[in-house]
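If you're matching positions, the sequence shown starts at 4 in the numbering used here and goes up one per residue.
I have placed the structure first, in the form of structure tokens, so that the comments after it can refer back to it.
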Amino acid sequence: MIMNDLEQFSFLYRAGEALKLPIYLEEILEQIQKELKAEAGSILLLDPDGKKLEFKVTTGVRSGEIKHLKVDIDEGVAGWVFQNHMPLVVNNTSLDKRFAKRFDESTGFKTRSMLAVPLEVGDSVVGVLELLNKKVGSFSQKDIQDAESAASIASVVIENVELYKHLRLLIAKIRNLENYQKVLLESLTDGVLSIDSENRIVSCNRSFLEMFREIEDSIIGKDISLVFDSDNCVKKIKECCAKKRGIKDLFCYLKLDDNKRIPVAIDVASLRFSEGNKGSVIVVKNLKSALDEAEMKRETLLKSDLLPNLSHELKTPLTAIQAGVDIIKHKLSNNGNKKYVEIIDKNVVRLKEGLQLFLDYLRAEKDDWFVNPEEINLSDFLRNQVEDLQERFPEYHFSLNIPEHAIYISVDKSHIERVFKIIFKNAIQYSEVGSEISISVNEKNTKLEVYVEDSGCGISPKNIKYVFP
């Protein structure tokens, strides 16, 4: 579309071709020189620095010798016309102080009379048209009008040249921007596609095509419902386009061939223009690749003995520290410093429990979980647990409601102790000091249900499904 506009512009304004500018200006100058019966003429244009006037074209005797000279913007008749934005006639140069003699002295040309008019583009003067030495009589008001008409035509040519130059620069910038955008999009590992206001796919990058396993022509112009396997996802994207909103990390599935699909997260940004909605850009992140990579790293880590060995290395000195602390506690007896030793002891125990939990997790992940079942009395087990809790946390009230008779179960005692410790710890952590924590057992045929209830804030209904799916 841009190139068509450029071709039309070039056709209608062929005078705007920069290389041909002197030719067209020379034609204009020669025509007005001939009509006004002048011996010579010149068109001066402001140089790129805006400090000098350059002889762009010259006609008449000695015209070639003056082209290498430059005029200060406040020098001579041309400088005066340039500064004042007004035409000027000097019919006797020897009597006018504004006339600059150095140009005649440099070229050997004898200037007797002059007519100069400004070349204006918009509100700015960009140059001066000069005519020298009227062959018969003096320059008249009619000559000024004719010269101004010629200057207007020359100004249009100059303006078209500038427009043409700017247009070419603009097109070059657009091409560079398009190339940069293309390289940028193709270098992204995430898929990127754009859709119009009707939710049809307009473009996409290579990463998306590789993810989608299709060629570009097969999806361009199609509705986004072809791509995303979720009515809710498609609905949200369409709402984003309509309401000019954005979406961040929306989870959905990308449709593939053979009824396959892959999990993706998408970001959506609407394209906003003053004249209305133009569509949206969608960034598609392949979660399957990320999950596969994370799983591979996890398996590699689990297969190694680094973490278990590291945990054991930490656990061994902690055991020694705890033994030393126990000895110190015994020796201090009721000494006032005993409380500090107890703080150390408590934190060592906590750290050992955390390490043991971490080791158990690693064993479970590596299918290296050892279970040693034994028969225990659940009633006695829970009574011992509650007694320990009352001793360790006297600021809380613990109640136990269990059957009078013995309840025997077959479990790994160390594992079940760890499970209940975690449950009790959670109950204490999220309950206010002084509140009650109750433990009860309910027998249902061959099943046993153990309840631990506290007065904490609990889990909201909307989140409980994530904790207990």
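Here a beta-carbon is modelled for each residue, glycine too, at the ideal position from N, C-alpha and C.
Just so you know, these numbers come straight off a predicted model, no measurement behind them.
Identify the continuous beta strand (DSSP E) that holds residue i and give its terminal residues.
i    : result
Y411 : 411-414
Y454 : 450-456
V374 : That residue, V374, is in no beta strand (DSSP E); it is neither H nor E in DSSP.
H400 : 400-404
M117 : 117-124
N136 : 127-137
E446 : 439-447
A41  : 41-49
G194 : 194-198
L72  : Unbroken run through L72: none, as it is neither H nor E.
E57  : 55-62
S109 : From DSSP, S109 is part of no beta strand (DSSP E) but of the alpha helix (DSSP H) over 105-110.
S206 : 204-207
L91  : 91-93
Kindly give me the distance between the Cβ atoms of residue i and residue j, rounded to whole angstroms, as I take these residues to be in contact under 8 Å.
i    : j    : result
V124 : E151 : About 14 Å; that fails the 8 Å criterion.
V157 : I46  : At residue 157 the sequence reads Ala, which differs from the Val that was named. Yes, they are in contact, since the Cβ atoms of A157 and I46 sit about 6 Å apart, within 8 Å.
R65  : T110 : 5 Å
V352 : H418 : With 8 Å as the limit, V352 and H418 do not qualify as a contact, their Cβ atoms being about 18 Å apart.
V230 : K185 : With 8 Å as the limit, V230 and K185 do not qualify as a contact, their Cβ atoms being about 21 Å apart.
S141 : S116 : 6 Å
D149 : E38  : 6 Å
Under 8 Å, do residue i and residue j count as touching if we go by C-beta distance?
i    : j    : result
K100 : D107 : no
L381 : I431 : no
V195 : L24  : no
I285 : I198 : yes
I204 : K225 : yes
G79  : F102 : yes
L354 : I410 : no
I35  : A153 : yes
V455 : F427 : yes
I227 : N262 : no
L122 : A43  : no
S206 : C243 : no
D220 : V287 : no
D457 : I440 : yes
F85  : V139 : no
L212 : C236 : no
V422 : L403 : no
If you drop the 5 nearest sequence neighbours on each side, which residues of the same chain put their C-beta closer than 7 Å to that of residue i?
i    : result
L191 : N208, S210
I5   : Confidence in I5 is poor, its pLDDT being 36 and thus under 50, which makes the residue's placement too unreliable to answer from.
E33  : T62
N94  : S116, S141, F142
E68  : T110
L9   : Its pLDDT being 49, under 50, L9 is placed unreliably in this model, and the value from its coordinates should be taken loosely. Excluding positions up to five away in sequence, the list reads L170, I174.
Under a Cβ-count criterion, where at least 16 other Cβ atoms within 10 Å of its own Cβ denotes burial, should residue i be classed as buried or exposed?
i    : result
I405 : buried
S273 : buried
K137 : buried
Y399 : buried
T449 : exposed
I442 : buried
N289 : buried
A41  : buried
E133 : buried
V92  : buried
L187 : exposed
L180 : exposed
V271 : buried
Report all residues from its chain with a CB closer than 6 Å to the CB of residue i; omit the five preceding and five following residues, and keep chain order.
i    : result
I147 : P90
I425 : none
V453 : V444
F12  : Confidence at F12 is low in this model, with a pLDDT of 49, below 50, so its placement is unreliable and the value that follows should be read with caution. Correct list: empty, nothing qualifies.
I222 : I204
K70  : F58, T61
Q478 : Any answer about residue 478 is impossible in this case: the structure gives the chain only from 4 up to 472.
K291 : I265, P266
L15  : Below a pLDDT of 50, predicted positions are generally treated as unreliable, and L15, at 43, falls in that range; the measurement from the model is reported next regardless. If we look at L15 and ignore the five residues flanking it on each side, it has no Cβ neighbours.
E189 : N208, R209
M214 : G194, N289
N7   : For N7, the pLDDT reaches just 45, beneath the cut-off of 50, and the residue's location in the model is therefore unreliable, although a value from the coordinates is still provided. Excluding residues within five positions, none has a Cβ falling inside 6 Å.
Taking 7 Å as the cut-off, is the CB of residue i close to at least one heavy atom of the ligand GTP?
i    : result
I174 : Among the components of this structure there are no ligands whatsoever, and the ligand GTP is therefore not found.
Keeping to the same chain, check which residues put their C-beta closer than 8 Å to that of residue i; ignore five residues upstream and five downstream.
i    : result
D50  : L56, E57, K73
C460 : Y433
Span of the alpha helix (DSSP H) holding residue i?
i    : result
L188 : 144-190
V80  : 79-87
D252 : D252 -> not in any alpha helix (DSSP H); beta strand (DSSP E) instead, spanning 250-258.
V436 : V436 -> no alpha helix (DSSP H), and no H or E assigned at all.
S382 : 381-395
At least one CB of chain B closer than 8 Å to the CB of residue i: is that the case?
i    : result
D146 : The chain inventory of the structure shown lacks chain B, comprising one protein chain alone.
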